[in-house]
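I have placed the structure first, in the form of structure tokens, so that the comments after it can refer back to it.
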Amino acid sequence: MNKQKLFIALACLAVLATSCDKKGTKAFYYTFDNNTDQKMNLKIYQLPDDYNNAKSPYMSYTLQPGEKAEIPSTQFLDTRDYYVDWYNNDFTYSSWFNMQHIKASFSAAFSPSPQHSTTLMNTVHDYARQLCLSGDGTKTTWEAIDGWNFVNGSIGDTIRWAQMNDYQRYNQLVFTKDFSCVFSQKQKNTGVLADIRYVVRTPDHGTPVGSTRGNLYIYTANDWDSLGHITYRILPGADSARGGTASDTLILSMGDKGTWTMIKTDNK
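In our numbering, the protein residues as written are 4 to 271.
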């Protein structure tokens, strides 16, 4: 082989090497397409714990309406899953939704590949993230201040707030970013705490701008049976364009357990 042919062969090898990443897959761009009319904040995490606790984002972008983030595949280290979160400035449009009648578990994970290389950031308008996560938080805690308990699981037999002891008044709900919630009660005589984990679901079509009330739905851990319903007020925004803000009060009705008015007691 003469020098000219050797040079050409080496050049071809170089082209092949630069067109493939370290996994031997042809290089590509993974695209997040902000096909909305909202400015979106986009964050990508390497671990589910980082996503759930909103810590150590691997990448962060701010995308104007119609703008795209095109990320080289070389930025994704291996075939692992990554975790994505996006939201507009008032958190009424975001990736944080878990539609009631779509029987699939919520997941923020995505796995970049040439076959799956685009995510459209379209979503429905809702106030669930404001209510449950206080926007960019990771959880909220709610405690009962009024209501009634069903006695022995009997819907026809209730005990009102004024008749309850401190144990019976202890009804707490904690929302977390993975779309689970923990409902806690204390046994009326011993005060022993009982925690039950549920799944939270959002309205299929969101909650339109101008609404005065919103809804959420509580499902069993297997995510098939609806056991509870949450209603909350939406307070008017500073102007009509902003649309409103979820209140810090909700009403929780839990199957055969009772119905309570609850207030938000922290913001973490």
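Just so it is clear, CB atoms sit at the ideal spot from N, CA and C, and this is done for glycine as well. Please read all numbers here as calculations on a predicted model, not as lab measurements.
How many whole angstroms separate the CB atoms of residue i and residue j, which I take to be in contact at a CB cut-off of 8 Å?
i: Ile233; j: Ile254; result: 7 Å
i: Asn101; j: Thr205; result: 5 Å
How would you label residue i, buried or exposed, when you count the other beta carbons within 10 angstroms and need 16 or more for buried?
i: Ile74; result: buried
i: Lys58; result: exposed
i: Pro117; result: exposed
i: Gly194; result: exposed
i: Lys106; result: exposed
i: Pro211; result: exposed
i: Asp52; result: exposed
i: Ala249; result: buried
i: Thr77; result: exposed
i: Gln190; result: exposed
i: Arg163; result: exposed
i: Ala197; result: exposed
Measure the alpha-carbon distance for residue i versus residue j and round it to whole angstroms.
i: Asn218; j: Ser137; result: 16 Å
i: Ala147; j: Lys260; result: 13 Å
i: Leu176; j: Asn44; result: 28 Å
i: Ser120; j: Tyr32; result: 7 Å
i: Ser187; j: Ile199; result: 6 Å
i: Gly240; j: Lys29; result: 49 Å
i: Leu80; j: Val127; result: 32 Å
i: Tyr173; j: Thr262; result: 12 Å
i: Gln41; j: Tyr90; result: 9 Å
i: Thr49; j: Asp36; result: Looking at the sequence shown, residue 49 is not Thr but Gln. Distance between the alpha carbons of Gln49 and Asp36: 20 Å.
i: Phe109; j: Thr65; result: 24 Å
i: Ser229; j: Asp149; result: 23 Å
i: Val202; j: Trp227; result: 10 Å
i: Gly247; j: Gly213; result: 7 Å
i: Asn152; j: Thr143; result: 23 Å
i: Tyr61; j: Thr122; result: 17 Å
i: Phe182; j: Thr264; result: 21 Å
Can you tell me where the beta strand (DSSP E) holding residue i begins and where it ends?
i: Gln175; result: Asn174 to Thr179
i: Asn2; result: There is no way to answer for residue 2, as the model of the chain reaches only from 4 to 271.
i: Val203; result: Leu196 to Arg204
i: Val87; result: Tyr85 to Tyr90
i: His232; result: Ser229 to Leu238
i: Trp2; result: Outside the shown range of the chain, which is 4 to 271, sits residue 2, and nothing can be said about it.
i: Met62; result: Met62 to Leu66
i: Ile105; result: Segment: none, Ile105 is in no beta strand (DSSP E) and carries neither H nor E.
i: Val185; result: Ser183 to Lys189
i: Pro211; result: It is not in any beta strand (DSSP E) - Pro211 carries neither H nor E in the DSSP assignment.
Start and end of the alpha helix (DSSP H) containing residue i?
i: Arg132; result: Ala131 to Leu136
i: Asp53; result: Pro51 to Asn55
Excluding the 5 residues preceding and the 5 following residue i in the sequence, name in chain order all residues of the same chain whose CB lies nearer than 8 Å to its CB.
i: Thr141; result: Asn55, Asn56, Ala57, Thr179, Lys180 and Lys271
i: His104; result: Asp207
Take residue i and list the residues in its own chain whose beta-carbon comes closer than 7 Å to its own, dropping the five residues that flank it on each side.
i: Ser39; result: Going by the sequence as given, residue 39 is Thr instead of Ser. The residues are Pro68, Tyr96, Met124 and Asn125.
i: Asp251; result: Ile266 and Lys267
i: Ala165; result: none
Only counting the same chain, and skipping five residues up and downstream in sequence, which positions put a Cβ closer than 6 Å to that of residue i?
i: Met257; result: Gly231
i: Leu134; result: Tyr235 and Ala249
i: Arg132; result: Phe94, Ser97 and Trp99
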